[in-house]
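One structure is given here, and the rest of the page talks about it.
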Ligand code: NAD
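Numbering (the working numbering), first residue to last: 1416 to 1835.
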């Protein structure tokens, strides 16, 4: 069965994920009961977090933590601070984490958390109180052998440090393995900060090999200039690629001769904003359809849809962001011969190095950046190859292939445990 028969464009990210899961499990030979179990997180906690603001008032924030499935091992996944965080989004993100861990063979199921807030309008101390309040609210549900959080959009190593400290205080022992993405001095891993982007460069190189494109000299557009996008721009620039376009929430810059990436990196702020300093901006929508060889959405969801999929010029689409492409757009791009490296594979570098961080915390012995990168590369090369071969052998698109590869082990673990 392919995805062709589904009504794709009207679905939100969560429903879209459920559709692909249904087809993937069916193709793997599993019945309705397995689909029923894996189409929703096992647990979803909604919390209300009262925070004393700097002006003395109290503001109450809503947060979530979703745990998709723990048949394979503890759940794992980031915490997002964003005004548009919803329950549905957090649930979808937790399922994508399961699939990422399945593709890359990590001993985890997926989890995800989020708080509806706008960190750009909050002070440093307000953010600290919110981060600590969230950990107090979810502390019963999480822990180094239960559910291990990490950074995501608008959260960073400082937020992880506050959360780890709060958890350690509640449990009354030092718990570095409770959370990953920590600063190095608190048990962080070498290479964690740039690991998502590093992973994107590895799978991009594999995809470019398949498409007969050399990274050196390739024209690349990157949407988003935050953690994922900015490190990626740097790595690609260093590797001799021509980064012709970048963007942030305020607009985009495009130069067919290649942008001065180091200059832009110097000027960007901690929220990944830089285009507001330029007058010659174009819009994000215009950027996506400019001439390039490789397009990397590295910002937010639903950027490539039925409306713009036919106008995309890239030969390879590497999804560093979670959920940037709708199912209808996936179908259009696949038919046009665009090689898609789906989000659940392309952005897995972050969780892989998070896993390395957790392993190092558990053993109390730390690795060099070279060791981390070598191990990361090995896992991602074989993950790419598995997904690519499955797509070729079964004549299906890369997204469905990635879901099949990613769900296989979880479904097997569920069966062995006798849940279904
Ligand atoms: P970030 O907060 O560091 O940066 C986000 C970037 O996107 C910023 O440049 C911001 O200006 C831009 N942006 C925000 N709203 C936008 C809009 N409406 N249009 C265009 N650009 C917009 O976030 P990040 O950590 O780089 O994450 C980016 C994407 O990568 C997300 O989908 C995230 O889930 C995914 N991802 C990140 C990691 C990680 O380790 N950081 C791991 C896996 C996946």
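Here a beta-carbon is modelled for each residue, glycine too, at the ideal position from N, C-alpha and C.
Legend entry - Cross-strand partners of residue 1662 (DSSP beta bridge): Residue 1662 sits at position 247 when you count from the first residue of the chain shown. Residue 1662 is bridged to 1667.
Inset, instruction - Verify the contact flag: residue 1693, CB atom, against every heavy atom of the ligand NAD, threshold strictly below 7 Å. - result: Working through the chain shown from its first residue, we reach residue 1693 at position 278. No; taking the cut-off as 7 Å, the Cβ of residue 1693 has no heavy atom of the ligand NAD nearer than that.
Inset, instruction - Can you have a look at residue 1708 and say buried or exposed, based on whether 16 or more other CB atoms are within 10 angstroms of its CB? - result: Along the chain shown, read from residue 1 onward, the residue named residue 1708 stands at position 293. With a threshold of 16 other beta carbon atoms within 10 Å, residue 1708 meets it and is buried.
Inset, instruction - Report whether the distance from the Cβ of residue 1513 to the nearest heavy atom of the ligand GDP is below 7 Å. - result: As presented, the structure is devoid of the ligand GDP, carrying the ligand NAD as its sole ligands.
Inset, instruction - Note down the Cα distance separating residue 1573 from residue 1447, rounded to an integer number of angstroms. - result: Counting from 1 along the chain shown, the entry for residue 1573 is found at position 158. Counting from 1 along the chain shown, the entry for residue 1447 is found at position 32. Each residue's alpha carbon lies about 43 Å from the other.
Inset, instruction - Compute the distance between the beta-carbons of residue 1722 and residue 1667, then report whether it is under 8 Å. - result: Numbered from 1 along the chain shown, position 307 holds the residue referred to as residue 1722. Numbered from 1 along the chain shown, position 252 holds the residue referred to as residue 1667. No, Cβ-Cβ distance for residue 1722 and residue 1667 is not below 8 Å.
Legend entry - residue 1647 and residue 1711 closer than 8 Å at C-beta: Translated into positions along the chain shown, residue 1647 becomes position 232. Translated into positions along the chain shown, residue 1711 becomes position 296. Taking 8 Å as the Cβ cut-off, residue 1647 and residue 1711 qualify as a contacting pair.
Inset, instruction - Give, in chain order, every unbroken run of the alpha helix (DSSP H) that is at least 4 residues long and sits entirely within the region 1511–1587. - result: DSSP runs (the alpha helix (DSSP H)) wholly in the region 1511–1587: 1539–1553, 1572–1586.
Inset, instruction - Flag this pair as touching only if the region 1473–1484 and the region 1519–1532 have three or more C-beta atom pairs under 8 Å; answer yes or no. - result: Two segments are said to touch when three or more pairs of C-beta atoms, one from each, lie closer than 8 Å; by this definition the region 1473–1484 touches the region 1519–1532.
Inset, instruction - Return the CA-CA distance between residue 1599 and residue 1726, expressed in angstroms with no decimal places. - result: Residue 1599 sits at position 184 when you count from the first residue of the chain shown. Residue 1726 sits at position 311 when you count from the first residue of the chain shown. One Cα belongs to residue 1599, the other to residue 1726, and the distance between them is close to 44 Å.
Inset, instruction - List the endpoints of the continuous alpha helix (DSSP H) containing residue 1656. - result: By one-based count along the chain shown, residue 1656 stands at place 241. Per DSSP, residue 1656 belongs to no alpha helix (DSSP H) and is neither H nor E.
Inset, instruction - Work out the CA separation of residue 1591 and residue 1421 for me, nearest whole Å. - result: Taking the first residue of the chain shown as 1, we reach residue 1421 at position 6. Taking the first residue of the chain shown as 1, we reach residue 1591 at position 176. Any answer about residue 1421 is weak, because its pLDDT of 46 lies below 50 and its placement is not dependable; what the coordinates show is given next. One C-alpha to the other measures close to 44 Å.
Inset, instruction - Leaving aside the five residues before and after residue 1519 along the sequence, list all residues of the same chain whose C-beta is less than 6 Å from its C-beta, in chain order. - result: On the chain shown, residue 1519 is found 104 positions in, with the first residue counted as 1. The answer, listed in chain order, is 1763, 1767, 1794, 1798.
Legend entry - DSSP-derived helix/strand/coil call for residue 1677: Translated into the one-based positions of the chain shown, residue 1677 becomes position 262. Residue 1677 falls in the helix class under three-state DSSP.
Inset, instruction - Indicate, with yes or no, if the ligand NAD has a heavy atom lying under 7 Å from the CB of residue 1534. - result: To locate residue 1534, count along the chain shown from 1; it is residue 119. Not so, every heavy atom of the ligand NAD lies at least 7 Å from the Cβ.
Inset, instruction - Could you say if the region 1505–1519 and the region 1535–1554 meet the contact criterion of at least three C-beta pairs nearer than 8 Å? - result: With a cut-off of 8 Å, the region 1535–1554 and the region 1505–1519 do not count as touching, because too few Cβ pairs lie within range.
Inset, instruction - For the region 1787–1816, list the alpha helix (DSSP H) runs that are entirely contained and at least 4 residues long, ordered along the chain. - result: If only uninterrupted alpha helix (DSSP H) runs of at least 4 residues are considered, none is enclosed by the region 1787–1816.
Inset, instruction - Output the distance between the C-alpha atoms of residue 1417 and residue 1594, rounded to the nearest integer angstrom. - result: Here residue 1417 refers to the residue found at position 2 of the chain shown. Here residue 1594 refers to the residue found at position 179 of the chain shown. Because residue 1417 carries a pLDDT of 46, less than 50, the predicted location of this residue cannot be relied on, and no value is offered for it.
Inset, instruction - Quick one: grab the DSSP three-state call for residue 1426. - result: As a first step, residue 1426 must be located in the chain shown, where it is residue number 11. Looking at residue 1426 - three-state DSSP - the assignment turns out to be coil, as it is neither helix nor strand.
Legend entry - Three CB pairs or more closer than 8 Å across the region 1799–1818 and the region 1430–1446: With the cut-off at 8 Å, the region 1799–1818 and the region 1430–1446 touch.
Inset, instruction - Drop a sphere of 10 angstroms on the beta-carbon of residue 1580, count the other beta-carbons inside from all chains shown, and report buried for 16 or more, exposed for fewer. - result: Looking up residue 1580 in the chain shown gives position 165. With 16 or more Cβ atoms within 10 Å of its Cβ, residue 1580 is classed as buried.
Inset, instruction - Please determine if the region 1634–1653 and the region 1684–1701 are in contact, where contact requires at least 3 C-beta pairs separated by less than 8 Å. - result: The region 1634–1653, when compared against the region 1684–1701, does touch it at the 8 Å Cβ threshold.
Legend entry - Cα-Cα separation between residue 1442 and residue 1512, rounded to whole angstroms: Along the chain shown, read from residue 1 onward, the residue named residue 1442 stands at position 27. Along the chain shown, read from residue 1 onward, the residue named residue 1512 stands at position 97. Take the alpha-carbon of residue 1442 and the one of residue 1512: they are about 21 Å apart.
Inset, instruction - Consider the C-beta atom of residue 1573 and the heavy atoms of the ligand NAD; say whether any pair is separated by less than 7 Å. - result: Here residue 1573 corresponds to residue number 158 of the chain shown, with the count starting at 1. Residue 1573 Cβ: outside cutoff for every heavy atom of the ligand NAD.
Legend entry - Nearest-angstrom Cβ-Cβ length linking residue 1618 and residue 1760, presumed shorter than 8 Å: The residue you call residue 1618 lines up with position 203 of the chain shown. The residue you call residue 1760 lines up with position 345 of the chain shown. About 6 Å separates the CB atoms of residue 1618 and residue 1760; that is less than 8 Å, so the two are in contact.
Legend entry - Local conformation of residue 1421 per DSSP, three classes: By 1-based counting over the chain shown, the position of residue 1421 is 6. Residue placement at residue 1421 cannot be trusted, given a pLDDT of 46 that sits under 50; what the coordinates show is reported in the next sentence. Assignment of residue 1421 by DSSP, reduced to helix, strand and coil, places it in the coil class.
Inset, instruction - Give a single yes or no on whether residue 1600 has its beta carbon closer than 7 Å to a heavy atom of the ligand NAD. - result: Residue 1600 sits at position 185 when you count from the first residue of the chain shown. It does not: the Cβ of residue 1600 is nowhere closer than 7 Å to a heavy atom of the ligand NAD.
Inset, instruction - Pick out the complete alpha helix (DSSP H) segments inside the region 1586–1639, 4 residues or longer, and give them in chain order. - result: Within the region 1586–1639, the runs of alpha helix (DSSP H) that reach at least 4 residues and sit entirely inside it are, in chain order, 1610–1626.
Inset, instruction - Indicate the three-state DSSP secondary structure (helix, strand or coil) for residue 1482 in the structure shown. - result: Position 67 of the chain shown holds residue 1482. Shown here, residue 1482 sits in a strand according to DSSP, grouped into three states.
Inset, instruction - Express the C-alpha separation of residue 1828 and residue 1453 in angstroms, rounding to a whole number. - result: The count along the chain shown starts at 1 and reaches residue 1453 at position 38. The count along the chain shown starts at 1 and reaches residue 1828 at position 413. Going by C-alpha positions, residue 1453 is about 12 Å away from residue 1828.
Legend entry - Best match in 1640, 1639, 1628, 1664 for proximity to residue 1655 [C-alpha to C-alpha]: Within the chain shown, numbered from 1, the residue matching residue 1655 stands at position 240. Per the Cα distances, 1628.
Inset, instruction - Assign residue 1440 to one of three DSSP states: helix, strand, or coil. - result: Reading the chain shown from its first residue, position 25 is the one you call residue 1440. It is helical.
Inset, instruction - Whole angstroms is fine: what's the gap from residue 1534's alpha carbon to residue 1665's? - result: The residue given as residue 1534 occupies position 119 in the chain shown. The residue given as residue 1665 occupies position 250 in the chain shown. A straight-line Cα-Cα distance of about 17 Å links residue 1534 and residue 1665.
Legend entry - Enclosing alpha helix (DSSP H) for residue 1700 [first to last residue]: Here residue 1700 is taken as the residue at index 285 of the chain shown, counted from 1. First-last of the alpha helix (DSSP H) with residue 1700: 1699–1703.
Inset, instruction - Report all residues from its chain with a CB closer than 8 Å to the CB of residue 1498; omit the five preceding and five following residues, and keep chain order. - result: In the chain shown, residue 1498 corresponds to position 83, counting from 1. Cβ within range, chain order: 1531, 1532, 1533.
Inset, instruction - Determine the DSSP secondary structure at residue 1689, reduced to helix, strand or coil. - result: Taking the first residue of the chain shown as 1, we reach residue 1689 at position 274. Residue 1689 carries a coil assignment under DSSP once its states are collapsed to helix, strand and coil.
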